[in-house]
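Respectively, the protein sequence lines represent chains D and H.
For what it's worth, this note's numbering labels the leading residue of the first sequence as 80, then goes sequentially.
For what it's worth, this note's numbering labels the leading residue of the second sequence as 8, then goes sequentially.
All C-beta atoms, glycine included, are put in the ideal place defined by N, C-alpha and C.
This structure is a prediction, so every number in the text was calculated from the model and none was measured.
Presented below is the structure to which this report refers.
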Amino acid sequence: MSCKLLLSAVGRRRLHKGFAVCGKAFLSSGSPKVCIVGSGPAGFYTAQHLLKAHQNVQVDVYERLPVPFGLVRFGVAPDHPEVKNVINTFTQTAKHPRCSFYGNVNVGEDVSVDELQEAYHAIVLSYGAEGNRSVGVPGEDLPGVYSAKDFVGWYNGLPSCQELRPDLSCETAVILGQGNVALDVARILLSPLDALKKTDITQPALEALAQSRVCRVLIVGRRGPMQVASTIKELREMVNLPGTRPEMVAADFDGLCHILSVCAPPDLPRPRKRLTELMLKTALEMPTEKEQERRKKASRIWGFRFFRSPVEILAEPGCNRVAGVRLAVNKLEGSGEKAQAVLTGEVEDVPCGLVISSIGYRSLPIDPTVPFDSRRAIVPNSMGRVHNAAGLYCSGWLKTGPTGVIATTMNSSFDTARSLLEDVESGKLDVSSAKPGSHMISSLLEKRGVKPVTFSDWEKIDDLETRRGEVSGKPREKILTVAAMLKVAQT
Amino acid sequence: MAASAAARTSIGLTLRFHRVIPDCSKCPLYRLKSCTSNRANPQRRSSFNSFRTMNRHLQTSKCLSQAQEGSSNSEDPDDVVNVVFIDRSGKRIPVKGKTGDNVLFLAHKHGIELEGACEASLACSTCHVYVSAAHFDKLPEPEEREDDMLDMAPMLQENSRLACQIVLTPDLDGIELTLPKVTRNFYVDGHVPKPH
């Protein structure tokens with residue numbers, strides 16, 4: 080970005096010299112105060128970028144739970160600890176002198192967005208997607224049917240999911256959806272216990288999985304192998320999962336070899352090509368002798384089922400529990416990413432005792448004053464600037480919809496931060512008058528009996544979890560209720 | 008993020024690279040006629056071919072923590088590897104590295120805006136860079152795990168690599184690493200959902 084000078088008479092009186100680290104010059108007009116709602120990757124990456132690019136901005140991050148980091152803590156699988164390294168970056172940001180963390184503050188309940196707008200020059204909404212997409216079929220509410228979001232929250236220690244107590248006493252589980260979350264769930268269900276014991280999976284989840292009789296997991300999708308939403312790393316982990324063997328339907332892959340090798344469209348993206356090749360290899364290729372031996376010994380099975388849409392979740396007559404899924408058979412119209420599944424009229428019943436729907440998360444509106452597009456379940460925006468709402472921005476899944484890995488969210492957050500900074504520079508965002516910032520919010524919260532958790536309070540929780548984990552060789556033993564977290568943080 | 012590099016000195020990763028004689032017939036890219044490597048397409052060989060004899064085993068084993076400790080303050084000219092980072096605005100930032108330096112941490116040391124979310128553990132794609140054509144083929148082949156992570160990077164190109172997997176050697180002198188310009192908000196209506 081090139082250096083732009085504010086030449087208005089008003090601007091000139093308030094000019095200070097301010098040059099940020101990376102050679103970008105942002106003349107700091109006063110001390111902008113920005114509030115970020117949500118402390119997951121979107122919130123922290125937005126904060127990071129703002130702090131780096133503007134010498135005077137003060138960033139306050141509000142979080143509903145007493146603990147920060149959002150899906151990095153509650154979504155990333157326990158056996159993917161390297162993905163969680165990003166917490167170190169976020170911790171540095173939180174400890175920046177111009178950044179403050181306020182946990183245990185529920186925006187929308189404890190404090191309104193209007194009040195935040197009074198206190199801050201700008202608000203960045205980055206509270207993600209905590210709702211479920213419903214499958215929309217009869218039987219969805221039967222015992223034994225769970226959303227992947229809740230299942231993942233359960234084994235990752237999300238306080239609101241600790242009462243889930245999923246029933247793992249059946250042999251076959253059906254997962255609806257074929258994205259990375261679906262593969263995470265399949266992998267956690269089928270992983271050897273020894274592997275899970277050394278992760279930060281919760282103790283109750285570990286105990287439940289130790290008793291689990293689930294030994295066959297079918298991962299069902301509406302479309303075909305060329306449309307799976309998961310990525311190659313997660314697929315490779317399934318293929319290589321000790322103690323398991325793949326079970327695919329060869330017919331699902333008809334014609335694919337031909338498509339890939341003979342008429343490979345030159346614009347077939349590399350990631351899709353590699354992923355499809357791995358699937359084909361797993362489904363169709365004759366395994367090596369060593370691999371054949373390994374598969375013979377395997378006691379657990381996993382497989383994709385393609386071209387199937389759920390139309391009903393079935394219960395055993397007289398028994399209020401899931402006993403199977405009725406799947407409609409599809410055919411594909413079109414190809415590539417835009418292919419559509421079309422019903423053929425055939426159906427197929429698959430017996431199972433556990434159904435996990437992994438068809439997407441959904442954002443929820445936080446406050447009636449904030450515009451919300453309920454069809455797309457996002458806050459309507461352009462480049463992170465919320466439509467028809469001066470001073471409001473959004474980043475992360477709330478901005479773009481609930482897909483994307485940490486890197487995607489990072490780029491999206493940097494974009495939002497850039498938009499905000501552009502607006503400061505151009506005067507579109509008026510930062511000329513001082514705002515009370517956290518002083519005002521803190522005294523409001525105090526009046527309402529809400530005690531925010533500071534970052535060093537969180538560090539007490541972090542420390543205790545880590546020490547408890549050491550006892551059992553785990554990176555941490557997570558504290559599972561908000562009450563227990565607050566007790567550690569605030570006494 | 009230069010400060011965070013100091014926090015990472017405790018990571019003692021050892022990177023070992025083998026340059027073995029590649030068997031092109033097994034490579035899917037070759038079979039799909041999508042291979043652009045010089046080795047499989049002789050007509051594309053550059054004049055630097057004489058440096059890349061097929062029988063050479065290149066094995067470099069370096070502790071990353073070594074790369075942190077004042078490496079670019081080394082006075083030994085033979086050790087210096089000149090690197091140019093090109094940031095998102097197109098600005099060229101020349102930097103002096105040293106043989107054995109990890110390029111991601113070198114970038115952090117010099118305040119280059121290159122993220123390394125997973126701290127060089129091949130669990131993200133935030134350190135994605137484009138490598139100058141003249142040097143791309145001098146890098147050892149990416150391991151499968153790096154390719155898997157690269158698949159997740161937006162705006163993937165033929166010369167894409169993860170910076171955390173690039174360790175400087177003398178023949179990389181003059182290497183230029185461009186940060187991808189993901190500046191436009193490309194999440195507009197109708198975008199193809201990315202995995203999560």
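Can you find at least 3 beta carbon pairs, one from the region 149 to 158 of chain D and one from the region 177 to 188 of chain D, that sit closer than 8 angstroms? In this structure the region 149 to 158 of chain D does not touch the region 177 to 188 of chain D; the number of beta carbon pairs closer than 8 angstroms is below three.
In the DSSP assignment, what are the bridge partners of residue 545 (chain D)? According to DSSP, residue 545 (chain D) bridges with nothing at all.
Whole runs of the beta strand (DSSP E) within the region 393 to 429 of chain D, excluding any shorter than 3 residues: Listed in chain order, they are 401 to 412.
If we ignore side chains and look at the alpha-carbon of each, how far apart do residue 552 (chain D) and residue 157 (chain D) end up? Distance between the alpha carbons of residue 552 (chain D) and residue 157 (chain D) is about 14 angstroms.
I want to verify the contact list: residues of chain H whose CB lies under 8 angstroms from the CB of residue 490 (chain D), in sequence order. Those are 161, 189, listed as they occur along chain H.
Assuming the contact rule is C-beta atoms closer than 8 angstroms, residue 488 (chain D) and residue 121 (chain D) should be a hit. Round their C-beta distance to whole Å, please. Rounded, the Cβ-Cβ distance is 5 angstroms, consistent with contact.
Please tell me whether, using a cut-off of 7 angstroms, the distance from the CB of residue 250 (chain D) to the nearest non-hydrogen atom of the ligand SAM is below it. For the ligand SAM, the structure offers nothing, since it holds no ligand at all.
Going by DSSP, what residue range makes up the beta strand (DSSP E) through residue 135 (chain H)? 135 to 138 is the span of the beta strand (DSSP E), which, as asked, contains residue 135 (chain H).
Cβ of residue 183 (chain H) within 8 angstroms of any chain D Cβ: With 8 angstroms as the cut-off, residue 183 (chain H) does not count as an interface residue toward chain D.
Residue 182 (chain H) - partner residues in DSSP beta bridges: Bridge partners of residue 182 (chain H) according to DSSP: H:90.
Answer with buried or exposed for residue 478 (chain D), where buried requires no fewer than 16 other C-beta atoms within 10 angstroms of its C-beta. By the neighbour-count rule (16 or more Cβ atoms within 10 Å), residue 478 (chain D) is buried.
Near residue 172 (chain H), which residues of its chain fall below 7 angstroms by C-beta distance, leaving aside the five closest residues on each side in sequence? Around residue 172 (chain H): 149, 153.
Which of helix, strand or coil DSSP assigns to residue 457 (chain D): The three-state secondary structure of residue 457 (chain D), taken from DSSP, is strand.
Across the region 375 to 386 of chain D and the region 314 to 332 of chain D, are there enough close Cβ pairs to call them in contact, namely three or more that are closer than 8 angstroms? Under the Cβ criterion (8 angstroms, minimum of three pairs), the region 375 to 386 of chain D counts as touching the region 314 to 332 of chain D.
From residue 430 (chain D) to residue 222 (chain D), what does the alpha carbon distance come to, in whole angstroms? Taking the CA atoms as reference points, residue 430 (chain D) sits about 15 angstroms from residue 222 (chain D).
Tell me which same chain residues have a C-beta within less than 8 angstroms of the C-beta of residue 219 (chain D), skipping the five on either side of it? Shown here for residue 219 (chain D): same chain residues with a beta carbon closer than 8 angstroms to its own, the five before and five after excluded, namely 213, 392, 436 in chain order.
Answer yes or no: do residue 234 (chain D) and residue 284 (chain D) have a C-beta to C-beta separation smaller than 8 angstroms? Cβ distance < 8 angstroms, so residue 234 (chain D) and residue 284 (chain D) count as in contact.
Local Cβ density within 10 Å of residue 442 (chain D), reported as buried at 16 or more and exposed below that: With 16 or more other Cβ atoms within 10 Å, it is buried.
Using the three-state DSSP reduction, which class does residue 433 (chain D) fall into: helix, strand or coil? It is a strand residue.
Quick check on residue 323 (chain D): does DSSP put it in helix, strand or coil? For residue 323 (chain D), the three-state secondary structure derived from DSSP is strand.
So residue 485 (chain D) contacts chain H; which residues on that side make the cut at Cβ distance below 7 angstroms? Result: 124, 131.
Tell me where the alpha helix (DSSP H) around residue 154 (chain D) begins and ends. Counting along the chain, no alpha helix (DSSP H) covers residue 154 (chain D), and no H or E run does either.
Among the candidates H:184, H:105, H:96, H:160, whose CA atom is the shortest distance from the CA of residue 141 (chain H)? Taking residue 141 (chain H) as reference, the option from H:184, H:105, H:96, H:160 with the minimal CA-CA separation is H:184.
Count Cβ pairs between the region 420 to 427 of chain D and the region 239 to 254 of chain D that sit closer than 8 angstroms; are there 3 or more? At 8 angstroms Cβ cutoff, the stretches do not touch.
Quick one: is residue 159 (chain D) near chain H, going by C-beta distance under 8 angstroms? It does: the Cβ of residue 159 (chain D) has a partner Cβ on chain H nearer than 8 angstroms.
Kindly say whether residue 139 (chain H), judged by its beta-carbon, lies nearer than 8 angstroms to any beta-carbon of chain D. Interface criterion not met: the Cβ of residue 139 (chain H) is under 8 angstroms from no Cβ in chain D.
Alpha carbon to alpha carbon, how far is residue 276 (chain D) from residue 290 (chain D)? Give it in angstroms, no decimals. A straight-line Cα-Cα distance of about 14 angstroms links residue 290 (chain D) and residue 276 (chain D).
May I have the straight-line CA-CA distance separating residue 554 (chain D) from residue 540 (chain D), to the nearest angstrom? Going from the Cα of residue 554 (chain D) to the Cα of residue 540 (chain D) covers about 14 angstroms.
Excluding the 5 residues flanking residue 496 (chain D) on each side, which residues of the same chain have their C-beta closer than 6 angstroms to its C-beta? Here the set comprises 125, 128, 129.
As assigned by DSSP and simplified to three states, the class of residue 119 (chain D): It is coil, neither helix nor strand.
For the structure I just gave you, are there three or more beta carbon pairs, one from the region 194 to 206 of chain D and one from the region 498 to 518 of chain D, closer than 8 angstroms? Yes, since at least three Cβ pairs between the region 194 to 206 of chain D and the region 498 to 518 of chain D fall closer than 8 angstroms, the two stretches touch.
Do you know offhand how far residue 176 (chain D)'s Cα is from residue 225 (chain D)'s? If you take the alpha carbons of residue 176 (chain D) and residue 225 (chain D), they lie about 43 angstroms apart.
Check the Cβ-Cβ distances between residue 144 (chain H) and every residue of chain B, and say whether any is below 8 angstroms. Judged by its chain identifiers, the structure shown contains no chain B, and its protein chains are D and H.
Just to confirm the assignment, what range does the alpha helix (DSSP H) spanning residue 283 (chain D) have? It spans 282 to 289 - the alpha helix (DSSP H) in which residue 283 (chain D) sits, taken as one unbroken run.
Less than 8 angstroms between C-beta atoms, sequence neighbours within five positions excluded: which residues of the same chain meet that for residue 63 (chain D)? Past the boundaries of the shown model lies residue 63 (chain D); chain D is included only from 80 to 570, so the question cannot be answered.
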